[in-house]
Amino acid sequence: MTQEQHGSDHVQAEIDVALRTKALEALLVEKGLITTDVIDEIVRLYERDIGPLNGAKVVAKAWTNTDYKRRLLENGTAAVAELGFTGSQGAEMVVLENTPTVHNVVVCTLCSCYPWPVLGLPPTWYKSFAYRSRVVREPRVVLREFGLALPESVEVRVWDSNSEVRYMVLPERPAGTEHLGEAELIPLVTRDAMIGVANAQAPQTLPGGE
Amino acid sequence: MMAGTADERIANMDKQIALPRKNGELVFEAPWEARAFGLAVALNEKGAYRWSDFSQGLAREIATAEASGDPSTYYERWLATLESLVIAKGLATHEELDAMAAEQALQDGHHDDAHPHHPNGHHHGGTG
C-alpha cells in the first residue's frame, strides 16, 4: 500500500531506481550469470527466514490448540517440524512455557546459538557480551532494562543454549485475546517474547496505522 | 551456498549497513528493493564477489551519502553499491547497463509488465 502523496520528482526517482534494478537484472540474466528464479527464491527465503514469523505461528497455534501445545512442550523439534520448520543443523528444539509463576529467558553464554528455523536471525544484543554474561547473573535487572518488570513471586529461569539444544519461549497468551483466532494472534508474538525478554503484546498496544 | 537458510553474514550486517527491518523481519518498500536485495545475494552466492566486498562498499556508499546530506534511501544506496561492484568486477560495463535501462524503458512503454518473472506456484527442488 503506497498511500503517500509523493512529489513528482520523487515518483520519477522511484521509477529510475526500479528501472535500473530491472536493467541490471536483465543484463545479468542475459549474460547467464543469474536467473530470475534464483532471485525469487532468495527473496522468498530471506523474507521468511530472517523474521520471527515462523516462531509466531508456532506460538499462536499452541495458544489456540491444546493438543498442539502439549506436543510442542513434549517434543519441540517434532511439533515445530509439523509446521514445516526444520533445519537447525541437528539441534534439538526445546520450548519453554511461561506461566503466571515461571518466566523463562533464553541466552547462549558461549556464542550465539539461536533457534534459527523459528526465530530467524538473532538480534545484535543477543550476541553481545553484556547480555550473555549479565542475563545469567542478574536476570531480573536485565529484564527490567528490557522494560519487563516481573514481580518477586515469579521465578525466573535462564536457559543456556548450545549446539545440541536450542530454546524458544512460549509466552503467555495476553489477557483479553480470548476472542482472537490464530491468525489474529500471530502479530502479537514478538521475537523478544520468544526469547523471553518481553511478554507477548496486548492487542491494543499493537502499532496501528502509524 | 543456497542451502535453504539465510546467510548469517548478510542477515547480521550491523549498524548503519543493517538491513531495514520491522519486528525483526525484512522490510521492502517496493518490489525493486527486493529484487536489488536478491540480486546482490545471488551474485555473492555465484562467487562473483565476497560478501565483505559488498558490505564494505555499502558502508562507504552510506557514509558518502550521509556526509553530503544526500537523502537517498537504504536500497537506493544498496543499488548504487551493487552497480559499482558489478562494474568493478567486470561483470558488466556502465554502457551496457545504460543501454539495457533504455531498452527496458522502451519495453515498459509497450507492455505494462512490472513482473518479468514467470508465475510459478510451486517450489523447485535443489538449486545450483
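Chains A and B are the protein sequences, given in the same order.
One point on numbering: in this note's numbering, the residue at position 65 of the first sequence is 65, and numbering is uninterrupted.
Count along the second sequence from 1, add 1000, and you get the number used in this note's numbering.
Cβ coordinates follow ideal geometry from the N, Cα and C atoms, glycine included.
Self-check item: Buried versus exposed, by CB contacts within 10 Å (16 or more), residue 1104/B
Solution: Translated into positions along the second sequence, residue 1104/B becomes position 104. So residue 1104/B ends up on the buried side.
Quiz item: Does the separation of the CB atoms of residue 75/A and residue 157/A fall below 8 Å?
Solution: As a first step, residue 75/A is located in the first sequence; it is residue number 75 there, counting from the start. As a first step, residue 157/A is located in the first sequence; it is residue number 157 there, counting from the start. Cβ atoms of residue 75/A and residue 157/A: not closer than 8 Å.
Exercise. Pull up the distance between the alpha-carbon of residue 1091/B and that of residue 28/A, whole angstroms please.
Key: Your numbering for residue 1091/B matches position 91 in the second sequence. Your numbering for residue 28/A matches position 28 in the first sequence. Going from the Cα of residue 1091/B to the Cα of residue 28/A covers about 8 Å.
Quiz item: Hey, would you say residue 97/A sits closer than 8 Å to residue 73/A, going by beta carbons?
Solution: Numbered from 1 along the first sequence, position 97 holds the residue referred to as residue 97/A. Numbered from 1 along the first sequence, position 73 holds the residue referred to as residue 73/A. In this structure, residue 73/A lies closer than 8 Å to residue 97/A by Cβ.
Self-check item: Closer than 8 Å to chain B by CB, residue 18/A
Solution: Taking the first sequence and counting its residues from 1, one reaches residue 18/A at position 18. It does; some Cβ of chain B falls within 8 Å.
Exercise. Pick out whichever of 15/A, 171/A, 195/A, 122/A has its Cα sitting closest to the Cα of residue 185/A.
Key: Taking the first residue of the first sequence as 1, we reach residue 185/A at position 185. Minimum Cα distance to residue 185/A is reached at 171/A.
Quiz item: Could one say the Cβ of residue 1089/B lies closer than 8 Å to chain A's Cβ atoms, at least one of them?
Solution: Sequence index remark: in the second sequence, residue 1089/B carries index 89 (1-based). So, not an interface residue.
Self-check item: Rounded C-alpha distance that separates residue 32/A from residue 146/A
Solution: Residue 32/A sits at position 32 when you count from the first residue of the first sequence. Residue 146/A sits at position 146 when you count from the first residue of the first sequence. Residue 32/A and residue 146/A: Cα-Cα distance of roughly 49 Å.
Quiz item: Would residue 1035/B count as contacting chain A if we go by Cβ distances under 8 Å?
Solution: The residue you call residue 1035/B lines up with position 35 of the second sequence. It does: the Cβ of residue 1035/B has a partner Cβ on chain A nearer than 8 Å.
Self-check item: Assigned exposure category for residue 1015/B - 16 Cβ within 10 Å defines buried
Solution: Counting from one through the second sequence, the residue named residue 1015/B turns up at place 15. Classification of residue 1015/B: exposed, given that the 10 Å Cβ count is below 16.
Exercise. Can you check DSSP and say which residues form a bridge with residue 104/A?
Key: Counting from one through the first sequence, the residue named residue 104/A turns up at place 104. For residue 104/A, which the question treats as bridged, DSSP gives the partners 157/A.
Quiz prompt | For residue 169/A and residue 196/A, believed in contact at Cβ under 8 Å, the rounded distance | solution = Numbered from 1 along the first sequence, position 196 holds the residue referred to as residue 196/A. Numbered from 1 along the first sequence, position 169 holds the residue referred to as residue 169/A. Rounded, the Cβ-Cβ distance is 4 Å, consistent with contact.
Quiz item: Can you give the Cα-Cα distance for residue 190/A and residue 1033/B, rounded to whole angstroms?
Solution: Here the question's residue 190/A lines up with position 190 in the first sequence. Here the question's residue 1033/B lines up with position 33 in the second sequence. About 25 Å.
Self-check item: Residue burial classification, residue 133/A (beta-carbon count within 10 angstroms, cutoff 16)
Solution: Counted from its first residue, the first sequence places residue 133/A at position 133. Exposed, because fewer than 16 other Cβ atoms sit within 10 Å of the Cβ of residue 133/A.
Quiz item: Counting only runs that start and end within the segment 1022-1066 of chain B, where is the alpha helix (DSSP H) found for 4 or more residues in a row?
Solution: 1031-1045
Self-check item: Whole runs of the alpha helix (DSSP H) within the segment 37-81 of chain A, excluding any shorter than 4 residues
Solution: 53-64, 66-74
Practice problem: Compare the C-beta of residue 1051/B against all C-beta atoms of chain A and say whether one is closer than 8 Å. | Solution: Along the second sequence, one-based indexing puts residue 1051/B at 51. It does not: the Cβ of residue 1051/B has no partner Cβ on chain A nearer than 8 Å.
Quiz prompt | 8 Å Cβ cutoff met for residue 1065/B and residue 1077/B | solution = As a first step, residue 1065/B is located in the second sequence; it is residue number 65 there, counting from the start. As a first step, residue 1077/B is located in the second sequence; it is residue number 77 there, counting from the start. It is a contact, given that the beta carbons lie within the stated cut-off.
Quiz prompt | Among 1106/B, 1095/B, 1009/B, the one whose alpha carbon lies nearest that of residue 1056/B | solution = Taking the second sequence and counting its residues from 1, the one referred to as residue 1056/B is at position 56. Of the candidates 1106/B, 1095/B, 1009/B, the one whose C-alpha sits nearest the C-alpha of residue 1056/B is 1009/B.
Quiz item: Whose C-beta lies closer than 6 Å to the C-beta of residue 15/A among residues of the same chain, with five residues either side of it excluded?
Solution: Within the first sequence, the letter at position 15 stands for residue 15/A. Nothing listed; no residue qualifies.
Exercise. For my contact list, residue 254/A and residue 126/A are in at a C-beta cut-off of 8 Å; report their separation, rounded to the angstrom.
Key: Outside the shown range of chain A, which is 1 to 210, sits residue 254/A, and nothing can be said about it.
Quiz item: Out of 18/A, 39/A, 107/A, which has the shortest C-alpha to C-alpha gap to residue 1029/B?
Solution: Sequence index remark: in the second sequence, residue 1029/B carries index 29 (1-based). The shortest C-alpha separation from residue 1029/B is found at 18/A.
Quiz item: What's the C-alpha gap between residue 148/A and residue 198/A?
Solution: Numbered from its first residue, the first sequence carries residue 148/A at position 148. Numbered from its first residue, the first sequence carries residue 198/A at position 198. Answer to the nearest angstrom: the Cα atoms are 6 Å apart.
Quiz item: For the beta strand (DSSP E) that residue 173/A lies in, which residues bound it at each end?
Solution: Mapped onto the first sequence, residue 173/A falls at position 173. Premise fails: residue 173/A is in no beta strand (DSSP E) and is neither H nor E.
Quiz item: By a C-beta neighbour count over all protein chains shown, 10 Å radius and 16 as the cutoff for buried, is residue 57/A buried or exposed?
Solution: Counting from 1 along the first sequence, the entry for residue 57/A is found at position 57. Classification for residue 57/A: buried.
Self-check item: Residues of its chain near residue 112/A, where Cβ-Cβ distance is below 7 Å and the 5 sequence neighbours each way are ignored
Solution: In the first sequence, residue 112/A corresponds to position 112, counting from 1. If we look at residue 112/A and ignore the five residues flanking it on each side, its Cβ neighbours are 122, 126, 127.
Quiz prompt | Chain-order list of residues whose beta-carbon lies under 8 Å from that of residue 92/A (same chain, five-residue window excluded) | solution = The residue you call residue 92/A lines up with position 92 of the first sequence. Only 76, 77, 164, 165, 166 meet the Cβ criterion.
Quiz item: Among 160/A, 60/A, 79/A, 64/A, which has the Cα closest to the Cα of residue 200/A?
Solution: Here residue 200/A corresponds to residue number 200 of the first sequence, with the count starting at 1. Considering only alpha carbons, the answer is 60/A.
Self-check item: Boundaries of the alpha helix (DSSP H) in which residue 143/A is found, first to last residue
Solution: Reading the first sequence from its first residue, position 143 is the one you call residue 143/A. 139-145 is the extent of the alpha helix (DSSP H) around residue 143/A.
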